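When we follow our numbering, the leftmost residue of the sequence shown carries the number 2, and every step to the right adds one. Yeah, the Cβ is synthetic: ideal placement off N, Cα and C, and Gly gets one too. On a predicted model such as this, the values are computed, not experimentally measured, just so you know.
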Amino acid sequence: MLSFRIHLQDLRSTNWTWNAGRWTNRESWIQPVDNPALASQITYDWLGQVAIVIYERPTRSCAPWPTERLPVSMADAATSFTTTPPGEFLTVHLQPDQVTLAAGPFGSAPLFLAAHRGLLVGSWHLPDLQPLIRVNQLLDRAVTRRLIRQPRYSRDTVFANVHRLTERATATFTGTGLSFCYPTSAEHVLRPRELRSGSDVIEAFDELLASVVGKPVLGTSVAVELSGGADSANVAMTVASRRAETVSSYGLVLDGSVGRLQQHRRAAMIRQFGLRDTQVAARDHPPFAPTGIRSRAKPHDPTAAYYREAFDALCEAAALDGAQTVYTGMGGDELMARHPHEWSVPRPLPAAAPWLGPASRAALDDIDEDLAPVGHVHLPTLMALASHNPAYLAAGIWPVAPLAHPALVHFAEQLPLEWRTRKRLLRQRLHRAGLSNDVADPYQQETFSDLMQVGLRRFGLPILKHMLDGSSLLVDLGYLDHDALASVYTDALSNGLIPSQLCDAISLEVGLQSLGAAGCDW
Numbered sequence: 002m003l004s005f006r007i008h009l010q011d012l013r014s015t016n017w018t019w020n021a022g023r024w025t026n027r028e029s030w031i032q033p034v035d036n037p038a039l040a041s042q043i044t045y046d047w048l049g050q051v052a053i054v055i056y057e058r059p060t061r062s063c064a065p066w067p068t069e070r071l072p073v074s075m076a077d078a079a080t081s082f083t084t085t086p087p088g089e090f091l092t093v094h095l096q097p098d099q100v101t102l103a104a105g106p107f108g109s110a111p112l113f114l115a116a117h118r119g120l121l122v123g124s125w126h127l128p129d130l131q132p133l134i135r136v137n138q139l140l141d142r143a144v145t146r147r148l149i150r151q152p153r154y155s156r157d158t159v160f161a162n163v164h165r166l167t168e169r170a171t172a173t174f175t176g177t178g179l180s181f182c183y184p185t186s187a188e189h190v191l192r193p194r195e196l197r198s199g200s201d202v203i204e205a206f207d208e209l210l211a212s213v214v215g216k217p218v219l220g221t222s223v224a225v226e227l228s229g230g231a232d233s234a235n236v237a238m239t240v241a242s243r244r245a246e247t248v249s250s251y252g253l254v255l256d257g258s259v260g261r262l263q264q265h266r267r268a269a270m271i272r273q274f275g276l277r278d279t280q281v282a283a284r285d286h287p288p289f290a291p292t293g294i295r296s297r298a299k300p301h302d303p304t305a306a307y308y309r310e311a312f313d314a315l316c317e318a319a320a321l322d323g324a325q326t327v328y329t330g331m332g333g334d335e336l337m338a339r340h341p342h343e344w345s346v347p348r349p350l351p352a353a354a355p356w357l358g359p360a361s362r363a364a365l366d367d368i369d370e371d372l373a374p375v376g377h378v379h380l381p382t383l384m385a386l387a388s389h390n391p392a393y394l395a396a397g398i399w400p401v402a403p404l405a406h407p408a409l410v411h412f413a414e415q416l417p418l419e420w421r422t423r424k425r426l427l428r429q430r431l432h433r434a435g436l437s438n439d440v441a442d443p444y445q446q447e448t449f450s451d452l453m454q455v456g457l458r459r460f461g462l463p464i465l466k467h468m469l470d471g472s473s474l475l476v477d478l479g480y481l482d483h484d485a486l487a488s489v490y491t492d493a494l495s496n497g498l499i500p501s502q503l504c505d506a507i508s509l510e511v512g513l514q515s516l517g518a519a520g521c522d523w
């Protein structure tokens, strides 16, 4: 939600002024994301303390869910927000020789932090921290999580000196350094409840989703993601019903028989909801494509989404049309998921890739260290938001994921299993809206696995060959085994299917290299 550079020595003054889209004080500045869906507010007190709150403008209908007071220590720091705002927020509490940051519960935008000699730098855009990043000083457990495709929600990043502020957490910066405090675990409904006789689950969900979506800021250009699946379709239906004007939709469209079925579903949804649609051909933007952020070596987060190239193209299309807020279907899988005790057999963990080096293998037992507690939003959703949303923010768009709202999470957790199995609730709602069974409940759903194979074979393997020829940070630092990787490369040249986990190793390498050029000049 913001970027900043704060020098501790500047905090002896409270002369923060708004200038050219940022709060400034001597050499320090705090800049909220420039979007009409967001606003900021500053509050002073007589003790020389300042609180700046960056928040979503209150457009939602304040759907009920467990709320908490703002985690700001100064008395009456933000008088307009004595309780949690209905949307996302982040507070910056400034006092002499101390900065305290406190995150809201939605995880809408990551905040990366790094400190250096009395300076605290933060941003939702990891490359903004590039002068402080040391690509040869990595955090073993975080690198290993990426290489074995076992992500964890944590303050960890792959860089030893760069941290992430997780949901509801606080970070404190003083002359002695940067410290973090995780919140307590959020409460969840662990057992479903029996429905009252005659209750209409779909109608109740419909009203709650409409309350969560709310009414976007007046004059804001609103759009929706529309993949062709049940999650984004349910969100798009509600958003379109609450706007007087036609809502724009955007979707990545696949090739082949899967793509034809996807386009059939999307066409039916577009007609039913009255959308103005733009399609982006995913085949034109596979992983590692020459026109993408990775192949151009443009500085980027090494743990960005696997399909960042295609997603960037979608965000660019929405931005060119003037979209300022985009509603997504993210969180739908977790919303309808089974409770842990409802799985008949434990879900197996994927095997570790054979090309792991000694540093990664030594860290395998540590991947569950220092994890953030359970939040109001499901942890897989929080990780997905942190991975995908920066692309929207870079395009000047504020992303909103209604299905990840704690009110809906709380509602869905209480549903009997039969309403969550195969997303029955979401699919039945689409049926009731007039969509046919082949649209609302298809037998074959979209998957990006073919696109990954195209990207790996056409563009990924040449990068891997370059890594094997002696230009790999991950090999040099012991995270990848050169000989094992060479064997996999040789097999991949002749085999029809390339191990998808190679994408993790190659994308991490490329991302690290993109950030390795600069050094600290502050």
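Close-in-space but distant-in-sequence residues of the same chain around residue i (CB under 7 Å, 5 per side omitted)
i: Glu510; result: Met468, Ser473, Leu474 and Leu475
i: Tyr45; result: Thr15 and Val51
i: Arg13; result: Pro97
i: Ser81; result: Bear in mind that the predicted position of Ser81 carries a pLDDT of just 33, short of 50, making it unreliable; the figure below should be weighed with that in mind. Result list for Ser81: Gln42, in chain order.
i: Ala320; result: Ala396, Gly397 and Ile398
i: Gln446; result: Gly230
i: Ser372; result: Per the sequence shown, residue 372 should be read as Leu rather than Ser. For Leu372, where only same-chain residues beyond five positions count, the Cβ hits under 7 Å are Arg153, Tyr154 and Ser155.
i: Ser296; result: Phe289, Ala290 and Phe460
i: Arg147; result: Val159, Thr304, Asp505 and Leu509
Contacting residues, own chain, Cβ-Cβ under 8 Å from residue i (five flanking each side not counted)
i: Gly461; result: Pro288, Phe289, Ile499, Leu503, Cys504 and Ile507
i: Leu140; result: Asp157, Thr158, Val159, Phe160 and Ala161
i: Asp278; result: Leu227, Ser249, Ser250, Tyr251, Gly252, Arg267 and Ile271
i: Glu195; result: Pro417
i: Glu343; result: Leu418
i: Asp525; result: Past the boundaries of the shown model lies residue 525; the chain is included only from 2 to 523, so the question cannot be answered.
i: Gly119; result: His8, Leu9, Gln10 and Gly176
i: Ser74; result: Note that Ser74 scores 35 on pLDDT, short of 50, meaning its location in the model is unreliable and no value can be drawn from it.
i: Ala352; result: none
i: Thr292; result: His286 and Glu310
i: Ala170; result: Ala103, Ala104, Arg156, Phe181, Cys182, Tyr183, Pro184 and Ala373
Supposed contact pair residue j and residue i - C-beta distance, whole angstroms, cut 8 Å
i: Val410; j: Val375; result: Not really, about 11 Å apart at Cβ, beyond 8 Å.
i: Val240; j: Val214; result: 6 Å
i: Phe113; j: Leu130; result: 6 Å
i: Ser4; j: Ser124; result: 4 Å
i: Ser109; j: Asn390; result: 6 Å
i: Gly517; j: Val136; result: 4 Å
i: Met2; j: Ile53; result: About 11 Å; that fails the 8 Å criterion.
i: Leu127; j: Asp302; result: 4 Å
Enclosing beta strand (DSSP E) for residue i [first to last residue]
i: Val281; result: Arg277 to Ala282
i: Leu95; result: Phe90 to Gln96
i: Ala103; result: Gln99 to Ala104
i: His117; result: Phe113 to His117
i: Glu226; result: Val223 to Glu226
i: Gln174; result: Inspection of the sequence shows that residue 174 is occupied by Phe rather than by Gln. From DSSP, the beta strand (DSSP E) with Phe174 extends over Thr171 to Thr175.
i: Trp399; result: Trp399 to Val401
i: Ser124; result: Leu120 to Ser124
6 Å Cβ shell around residue i - same chain, five flanking residues per side excluded
i: Leu452; result: Ala283 and Pro287
i: Ala413; result: Leu336
i: Leu179; result: Ala116
i: His164; result: Leu114 and Arg156
Extent of the continuous alpha helix (DSSP H) to which residue i belongs
i: Gln50; result: No alpha helix (DSSP H) contains Gln50, which DSSP labels as neither H nor E.
i: Pro1; result: Lying before the first or after the last residue shown, residue 1 is absent from the chain, which here runs from 2 to 523.
i: Phe460; result: That residue, Phe460, is in no alpha helix (DSSP H); it is neither H nor E in DSSP.
i: Gly178; result: Run containing Gly178: none in the alpha helix (DSSP H); it sits in the beta strand (DSSP E), Gly178 to Cys182.
i: Val511; result: Leu503 to Ser515
i: Ala455; result: Here residue 455 is Val; the residue named in the question, Ala, does not match the sequence. Unbroken alpha helix (DSSP H) run through Val455: Ser450 to Gly456.
i: Ser488; result: His483 to Ser495
i: Leu431; result: Arg425 to Arg433
i: Glu204; result: Val202 to Val214
i: Pro381; result: Leu380 to Ala395
i: Glu419; result: Leu418 to Arg421
i: Val34; result: Per DSSP, Val34 belongs to no alpha helix (DSSP H) and is neither H nor E.
i: Ile241; result: In the sequence as displayed, the identity of residue 241 is Ala instead of Ile. Element bounds for Ala241: Ala231 to Ser242.
At 3 residues or longer, what runs of the beta strand (DSSP E) sit wholly inside the segment 324-369?
326-328
Would you check if there are 3 or more beta carbon pairs closer than 8 Å linking the segment 259-273 to the segment 431-440?
yes
Is it true that the segment 368-383 meets the segment 306-323, where meeting means three or more beta-carbon pairs spaced less than 8 Å apart?
no
contact_flag[the segment 356-368, the segment 482-500] where n(CB pairs < 8 Å) is 3 or more
yes
The segment 171-191 in contact with the segment 320-337 per 3-pair CB rule at 8 Å
no
Any beta strand (DSSP E) of 3 or more consecutive residues that is wholly inside the segment 3-29:
3-8, 18-20 and 23-26
Along the chain, which unbroken stretches of the alpha helix (DSSP H) at least 4 residues long are found entirely within the segment 244-308?
257-274
Taking 8 Å as the cut-off, does the segment 220-227 touch the segment 247-263 (at least 3 CB pairs, one atom from each stretch)?
yes
Kindly confirm or deny that the segment 488-497 and the segment 360-370 touch, where touching means at least three C-beta pairs closer than 8 Å.
no
Taking contact to mean at least 3 C-beta pairs separated by less than 8 Å, is the segment 417-435 in contact with the segment 192-208?
yes
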